[in-house]
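In my numbering, the protein residues as written are 107 to 380. For glycine and all other residues, C-beta sits at the position ideal for the given N, C-alpha and C.
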Amino acid sequence: MRYKVKGWFCIFLLAGCFLFYGGEVFSPASQEDSSRDVNLTTEGNLNLVGTYYAPHKGDSPAILLVHGMNRNRLDWEGFARLLQGNGYGVLTIDLRGHGDSMRQGDWLMRWVSFSDEDFRRMLMDVASGIQFLKSRAELDPYMIGIVGTNLGANLALNYASQNRQIRAVVLISPGLNYRGVSSVGAITSYGVRPILLIASEEDIYSAFSANELYSLAQGIKDLKLYQNVGHGNRLLRKGEGASEVILEWLKSHLPVQGVQKENSREENPHKRQP
C-alpha cells in the first residue's frame with residue numbers, strides 16, 4: 107500500500123517489566139531501569155556494544171534496531187522503549203567503527219577509514235545482534251524483525267534477504283546503494299515477506315530509493331512518505347506519528363501475544379487477554 111502519512115497517533119506505553127539476563131531476574135522499579143548494556147563478539151572477533159531492552163513477559167517477539175552511518179545506538183533509545191512498552195524485546199547495537207564499538211582493545215576503529223568492503227562486513231554485526239536475540243529464553247526465535255535507518259536500512263534488508271527466519275523489516279531512509287551495500291538485489295531475494303519503507307520527500311535520494319524498492323518488492327509491502335521531516339532517525343522525531351506508524355505495522359506482522367485489542371483498551375489497558 108502506497109500513501110502519505112498525516113495526523114497524530116496515540117502512544118500506549120505499558121509500565122513495569124521484568125528483565126531476564128544471564129540466569130538472573132531483575133524486577134526494576136521503572137521501565138527506565140529495564141535495559142542493560144551487553145557485549146557481543148562478531149565473526150572475526152570484533153567487539154560490539156549494545157543495549158538490550160527486555161520484554162515484560164516471555165515468548166515475546168524481538169526487534170533489532172540498526173543505526174545509520176556516523177550515528178550510534180543512542181538514536182534509538184526513545185523508540186526502543188516504545189517497542190519495549192508494547193511487549194517487544196529490543197536490541198540496539200553500535201556497528202563497528204561507531205559509538206562504543208569503536209574501541210577494539212588498545213586501538214580505535216573508525217568508520218571514516220572504511221572501504222566499501224568494510225561496510226559490507228557490517229552484516230556480521232547484524233548477525234551477532236540476531237544471534238543474541240535468538241539466544242534469549244524470553245524471546246520467540248521465530249518472531250524477529252529488523253528496523254534500520256540509512257546504511258542500517260540497507261544492512262537490515264541484506265541480512266534478511268539471506269536469512270529467512272527474519273519475519274519483517276522496516277527501512278527508514280534507505281538507499282539503492284550506501285557505501286557498497288546495495289539493496290536492489292536484496293529486495294528480490296527477500297521474497298514475499300512483509301516490508302515497510304519510509305522516507306521524507308525532500309530527502310531526494312532516499313525517497314527515490316524507497317519508491318524504487320517498493321516497486322521491486324514482491325510481497326506484503328507498504329510505503330509511507332512524509333514531507334520536510336529529514337533523514338534517518340530525525341524522521342522518527344519530526345514525522346507526525348512516525349514511531350506509532352511503525353509500531354502498529356510491527357504489531358500486524360510480528361504480533362505480541364496477549365496484547366489487549368484496541369476496542370477493549372478502555373476497559374483495562376494493562377489487562378492481558380487469556
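Could you spell out the range, first to last residue, of the beta strand (DSSP E) harbouring residue i?
{"i": "Gln277", "result": "Here residue 277 turns out to be Leu, not Gln, going by the sequence shown. Run containing Leu277: Ile272 to Ile278, per the beta strand (DSSP E) assignment."}
{"i": "Leu188", "result": "Leu188 -> not in any beta strand (DSSP E); alpha helix (DSSP H) instead, spanning Glu183 to Gly191."}
{"i": "Asp328", "result": "Lys327 to Tyr332"}
{"i": "Val196", "result": "Gly195 to Ile199"}
{"i": "Leu154", "result": "Asn153 to Tyr159"}
Which residues mark the beginning and the end of the alpha helix (DSSP H) in which residue i is found?
{"i": "Asp231", "result": "Leu229 to Ser241"}
{"i": "Arg340", "result": "Asn339 to Lys344"}
{"i": "Lys163", "result": "Counting along the chain, Lys163 falls outside any alpha helix (DSSP H), and DSSP gives it neither H nor E."}
{"i": "Asp224", "result": "Asp222 to Arg226"}
{"i": "Ser267", "result": "Leu257 to Gln268"}
Measuring only the C-alpha atoms, how far is residue i from residue j?
{"i": "His204", "j": "Asn283", "result": "20 angstroms"}
{"i": "Ser133", "j": "His162", "result": "Low confidence applies here, because Ser133 scores a pLDDT of 33, under 50, leaving its location unreliable; read the following figure in that light. About 10 angstroms."}
{"i": "Asp143", "j": "Asp212", "result": "21 angstroms"}
{"i": "Ser279", "j": "Phe314", "result": "10 angstroms"}
{"i": "Lys344", "j": "Asp224", "result": "32 angstroms"}
{"i": "Leu303", "j": "Gly291", "result": "16 angstroms"}
{"i": "Arg362", "j": "His173", "result": "In the sequence under discussion, the amino acid at residue 362 is Val, which differs from the Arg named in the question. Looking at the two C-alpha atoms, the distance is approximately 24 angstroms."}
{"i": "Ser312", "j": "Asn256", "result": "8 angstroms"}
{"i": "Asp231", "j": "Ser141", "result": "20 angstroms"}
{"i": "Ser289", "j": "Arg177", "result": "20 angstroms"}
{"i": "Glu346", "j": "Leu180", "result": "21 angstroms"}
{"i": "Ile310", "j": "Val351", "result": "22 angstroms"}
{"i": "Leu120", "j": "Glu244", "result": "With a pLDDT of 35 at Leu120, under the threshold of 50, the modelled position of this residue cannot be trusted; read the value that follows with caution. Each residue's alpha carbon lies about 17 angstroms from the other."}
{"i": "Ser241", "j": "Tyr194", "result": "15 angstroms"}
Considering only residues of the same chain and omitting the five flanking positions on each side of residue i, which have a CB-CB separation below 8 angstroms?
{"i": "Ser234", "result": "Leu146, Thr147, Thr148, Glu149, Leu154 and Ile199"}
{"i": "Gly251", "result": "Pro167, Ala168, Ile169, Leu170, Ile272, Arg273, Ala274, Val275, Val276, Leu356, His359 and Leu360"}
{"i": "Gln333", "result": "Lys110, Ser306, Glu307 and Glu308"}
{"i": "Tyr248", "result": "Gln271 and Arg273"}
{"i": "Ile326", "result": "Val298, Arg299, Pro300, Ile301 and His359"}
{"i": "Phe238", "result": "Val144, Leu146, Gly156, Tyr158 and Leu197"}
Residues in its own chain within less than 7 angstroms of residue i by CB, not counting five upstream and five downstream?
{"i": "Ser349", "result": "Phe185, Leu188 and Leu342"}
{"i": "Glu318", "result": "Leu282"}
{"i": "Tyr320", "result": "Arg108, Leu303, Lys327 and Leu329"}
{"i": "Leu229", "result": "Leu261, Asn264 and Tyr265"}
{"i": "Ala259", "result": "Leu277, Ile278, Ser279 and Pro280"}
{"i": "Thr294", "result": "Leu322"}
{"i": "Met215", "result": "Arg202, Gly203 and Met208"}
Is residue i helix, strand or coil when you go by DSSP?
{"i": "Val351", "result": "helix"}
{"i": "Met249", "result": "strand"}
{"i": "Leu170", "result": "strand"}
{"i": "Asp206", "result": "helix"}
{"i": "Val218", "result": "helix"}
{"i": "Pro134", "result": "Because the pLDDT of Pro134 is 35, which lies under 50, any placement of that residue in the model is unreliable, and the number read from its coordinates should be weighed accordingly. In this structure, Pro134 counts as coil in the three-state DSSP scheme."}
{"i": "Ser141", "result": "strand"}
{"i": "Leu146", "result": "strand"}
Residues in the same chain with beta-carbon distance under 6 angstroms from residue i, minus the five sequence neighbours each way, listed in chain order, please.
{"i": "Asp165", "result": "Asp246"}
{"i": "Arg285", "result": "Asp222 and Phe225"}
{"i": "Val196", "result": "Tyr159, Ile169, Ala186, Leu189 and Gln190"}
- [ ] Kindly provide the ranges of any beta strand (DSSP E) runs that are 3 or more residues long and lie completely inside the segment 274 to 323, ordered along the chain.
- [x] With a minimum length of 3 residues, the continuous beta strand (DSSP E) runs that stay inside the segment 274 to 323 are 301 to 306.
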